[in-house]
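Trainee:
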Amino acid sequence: MAEKEPKVKRTSGLTRLRNYFLTGFIITAPLAITAYLVWSFIGWVDGWVKPYIPSVYNPDTYLPFSIPGFGLIVAFFLITIIGFLTANFIGRTIVGYGETLLGRMPFVRNLYSGLKQIFQTVFSEQETSFEKVCLVEYPRKGIWALAFIATDTRGEVNHILTSQGHETVSVFLPTTPNPTSGFLLFVPKEDIHILEMSVEQAAKLVISAGLVAPEHEAMVEKLAEGKE
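According to our numbering, the sequence shown holds residues 4 to 231 in order.
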């Protein structure tokens, strides 16, 4: 008797159509969201800046249509000029006098000092905010969480912990799927496990709730050596 040929599982047209749609959605959705956010930001800046631009310098006065992004260009130019003026002695004196006035306002001084410290940390050219990724046991032993190493613990917290025999590191533990919020933890150095993945790869892992995991470089190299 002739052997029966094995049945080949065929993909239905509806399944292929669904796969095509999901593939297209994965490609177009990030592009659409990015374009929407960029366009919204440009419109938000234009809405703030354009009303203060004299009509003689505003191209919308002469053209039958509005030019998106012109307010953003003007804002970028003005911010650069302010930075240039602040770099000299007179500019630093004026800024220092303004900060002194803000320092006398009870609520405003806390808000301003906090925001200034955040922006100086994020946009500092001398050091990177987060350089390494690590694993820490949180919220209890046996459960591991992804965290970003900020720096060695400083200030009063470091003084108190050091006096008790604890050498700690300040780490930022992000939440999923929004890594911009999270918890500041002071973890002993011996309890931190440094990872090889970059900060960008770790951020993708957090945002995707573990669905997008970066390949381990050592594992990839080992597989590549095995194929040779």
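Quick reminder that beta carbons are idealized off the backbone N, C-alpha and C, glycines included. What you are looking at is a predicted structure, and each value in this text was computed from that prediction instead of being measured.
In chain order, what residues of the same chain lie with their CB nearer than 7 Å to the CB of LEU149, ignoring the 5 residues before and after it?
Mentor: If we look at LEU149 and ignore the five residues flanking it on each side, its Cβ neighbours are VAL136, LEU138, ALA205, LEU208 and VAL209.
Trainee: Among ASN91, TRP51 and LEU88, which residue has its Cα nearest to the Cα of LEU75?
Mentor: Of the listed residues, the one whose Cα sits closest to LEU75 is TRP51.
Trainee: For PRO62 and PRO54, I'd like the C-alpha separation in whole angstroms.
Mentor: For PRO62 and PRO54, the distance between alpha carbons rounds to 12 Å.
Trainee: On the premise that PHE151 lies in contact with PHE122, defined as a C-beta separation below 8 Å, what is that separation, rounded to the nearest angstrom?
Mentor: At roughly 18 Å, the Cβ-Cβ gap does not stay under 8 Å, so PHE122 and PHE151 are not in contact.
Trainee: Under a Cβ-count criterion, where at least 16 other Cβ atoms within 10 Å of its own Cβ denotes burial, should LEU2 be classed as buried or exposed?
Mentor: Missing from the structure shown is residue 2; the chain here goes from 4 to 231 and no further.
Trainee: Are SER184 and THR154 close, meaning C-beta to C-beta below 9 Å?
Mentor: Contact: no.
Trainee: Beta-carbon within less than 6 Å of VAL98's beta-carbon, same chain only, minus the 5 sequence neighbours each way: which residues are those?
Mentor: Taken in chain order, the residues that qualify are THR89.
Trainee: Around the C-beta of PRO71, are 16 or more other C-beta atoms found within 10 angstroms, so that it is buried, or is it exposed?
Mentor: When all chains shown are included, PRO71 counts as exposed.
Trainee: If you draw a straight line from the alpha carbon of TYR65 to that of THR37, how long is it in whole angstroms?
Mentor: Rounded to whole angstroms, TYR65 to THR37 spans 31 Å at the Cα level.
Trainee: Write down the C-beta distance between LEU198 and TYR141 rounded to the nearest angstrom, noting that I regard them as a contact closer than 8 Å.
Mentor: Not confirmed; about 15 Å, so no contact.
Trainee: State the Cα-Cα distance for the pair TYR23 and ILE29, rounded to the nearest angstrom.
Mentor: Straight-line Cα distance between these residues: approximately 10 Å.
Trainee: Near VAL48, what residues of its chain come up, given a Cβ to Cβ distance below 7 Å and the 5 sequence neighbours on each side ignored?
Mentor: Excluding positions up to five away in sequence, the list reads GLY74, LEU75 and ALA78.
Trainee: Got a sec? Which residues, its chain only, sit under 7 Å from PRO67 by beta carbon, not counting five neighbours each side?
Mentor: Hits under 7 Å: none found.
Trainee: Hey, how far is the Cα of PRO57 from the Cα of THR96?
Mentor: If I take the Cα positions, the gap works out to 29 Å.
Trainee: What are the start and end residues of the alpha helix (DSSP H) that includes ILE76?
Mentor: Run containing ILE76: 73–89, per the alpha helix (DSSP H) assignment.
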